[in-house]
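Presented below is the structure to which this report refers.
Residue numbers (my numbering): 6 to 184.
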């Protein structure tokens, strides 16, 4: 996949210490990854890169909203998201990303691209089931909700269950109470 230039950080020219990078993520970013679950997005990424003599520490803070469709009613709504991630970049003989929060890059590298980490942070911040807030508190008025309510199985009262009991069992029930 082609790397986006604005997410490439050339760390060789940076001084030892902390450096801040801010990114505004919109729908075009997810279109680049061919991710079509969002209708739109408005996400802010704060990246703190701390350069040390032998390694780099990156702290990602993601917050914002994504417009998604409800899994129950298919109504679009803005879902707030927030996530954070710490990444340590070390230098070694060859590229190695076997560990979740440690990345080893070859000694000759001079830049790092963070677009994949940002993409994964946003996607993993989403809940597995997206439910419109109006469905949870009962304020959403939707044809789909009305139809679901109409077609849902009705629970019977306990009184009705007692009346529908087969009369042949009544004699056996007396045996339980005649101890």
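No residue lacks a Cβ here, since even glycine has one placed at the ideal position from N, Cα and C. All values derive from a computational prediction rather than experimental measurement.
Residue i: first and last residue of the uninterrupted alpha helix (DSSP H) it sits in
i, result
"residue 124", "120 to 129"
"residue 76", "Where residue 76 is concerned, there is no enclosing alpha helix (DSSP H), given that its DSSP letter is neither H nor E."
Reduced DSSP secondary structure (H/G/I, E/B, other) of residue i
i, result
"residue 190", "The requested residue 190 is not part of the displayed model; the chain covers only 6 to 184."
"residue 116", "strand"
"residue 34", "helix"
"residue 39", "coil"
"residue 14", "strand"
"residue 61", "strand"
Under 9 Å between C-beta atoms of residue i and residue j
i, j, result
"residue 44", "residue 81", "yes"
"residue 21", "residue 63", "no"
"residue 9", "residue 118", "yes"
"residue 136", "residue 28", "no"
Residue interval of the beta strand (DSSP E) (run including residue i)
i, result
"residue 180", "Per DSSP, residue 180 belongs to no beta strand (DSSP E); it is in the alpha helix (DSSP H), 174 to 182."
"residue 26", "22 to 30"
"residue 89", "81 to 97"
"residue 54", "45 to 56"
"residue 108", "107 to 111"
Reference residue i, options the options, closest by Cα
i, options, result
"residue 113", "17, 12, 24", "17"
"residue 121", "133, 105, 115, 134", "105"
"residue 149", "178, 176, 78", "78"
"residue 34", "23, 48, 158", "48"
"residue 90", "41, 111, 51", "51"
"residue 139", "75, 54, 178, 30", "75"
"residue 185", "56, 57, 53, 46", "Nothing about residue 185 can be read from this structure; the chain reaches only from 6 to 184."
"residue 55", "180, 107, 24, 39", "24"
Stretch pair the stretch 118 to 134 + the stretch 49 to 67: three plus CB contacts closer than 8 Å: yes
Validate contact between the stretch 89 to 103 and the stretch 45 to 64 using beta carbons, cut 8 Å, 3 pairs: yes
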